[in-house]
Amino acid sequence: MKYFCGKSKIQSFFKESDNTPATSIKKAEIMFAVAIVEHNISMRAMDHISDVIKHAFPDSAIAQGFHCKRTKTASLTYNVLAPVMKEQLISSVKRCVSAAGRPVFSIIIDESTDVSCTKVLACAVMYFDNEA
């Protein structure tokens, strides 16, 4: 007969949630980046908003550690949020099918050249998602 000599606390069997201040700061920065993109606010506004947050909440460790100006907001948007949102858009459009099983969506393409002679190709996808 074998005996087990060790003792384990019940907490050792559960994964602790990652609620460290560093993780909370990252979550706040991503939430602000999402809000900036969602409401079509200029990323230059984050230069000011970042400082306002620190001054408005001086007793908060998260607010004091919040460092998300326009360059970091742009980086979060392009490198973190865009790939996730692109995958969500693709899966959502793939679900849009008619009763006959054909895809039902429209793609609108607009080419233009801005004042700096930079060519821009904008693509818009129009669809209706019942699950959204």
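Take 3 as the starting number for the sequence shown in my numbering and just add one per residue. In this text, a Cβ means the ideal position worked out from N, Cα and C, and glycines have one as well. Fair warning: this is a prediction, and the values are worked out from it, not measured in the lab.
What residue range is occupied by the uninterrupted alpha helix (DSSP H) comprising residue i?
i	result
L91	A84 to R97
D112	No alpha helix (DSSP H) contains D112, which is instead part of the beta strand (DSSP E) from S108 to T115.
K28	P23 to E40
Short of 6 Å in beta carbon distance, which residues of its chain neighbour residue i, apart from the five on each side in sequence? Order them along the chain.
i	result
F131	Note on identity: in this sequence residue 131 is Asp, with Phe being the wrong assignment. Cβ within range, chain order: S94.
If we ignore side chains and look at the alpha-carbon of each, how far apart do residue i and residue j end up?
i	j	result
C108	C119	Just to set this straight, residue 108 is Ser in the shown sequence, not Cys. Straight-line Cα distance between these residues: approximately 28 Å.
M45	A102	44 Å
P23	V122	41 Å
I43	E113	23 Å
F68	S100	46 Å
D116	I110	19 Å
K71	I51	8 Å
I25	R104	Reading off the sequence shown, one finds Thr at residue 25, where the question assumed Ile. Their Cα atoms are separated by approximately 44 Å.
T73	C98	36 Å
V86	F59	31 Å
Among the options, whose alpha-carbon lies nearest the alpha-carbon of residue i?
i	options	result
F34	T75, S62, V86 and V99	T75
Y80	I38, A126 and D20	I38
A126	K88, A58, R72 and I64	K88
Can you list, in chain order, the residues of its chain whose CB lies under 7 Å from that of residue i, leaving out five sequence neighbours each side?
i	result
Q66	K56
Quick one: residues in its chain with C-beta nearer than 8 Å to the C-beta of residue i, no 5 flanking neighbours on either side, listed in chain order?
i	result
I32	L78, V82 and L83
With respect to the beta strand (DSSP E) encompassing residue i, which residues constitute its N-terminal and C-terminal limits?
i	result
K121	K121 to M128
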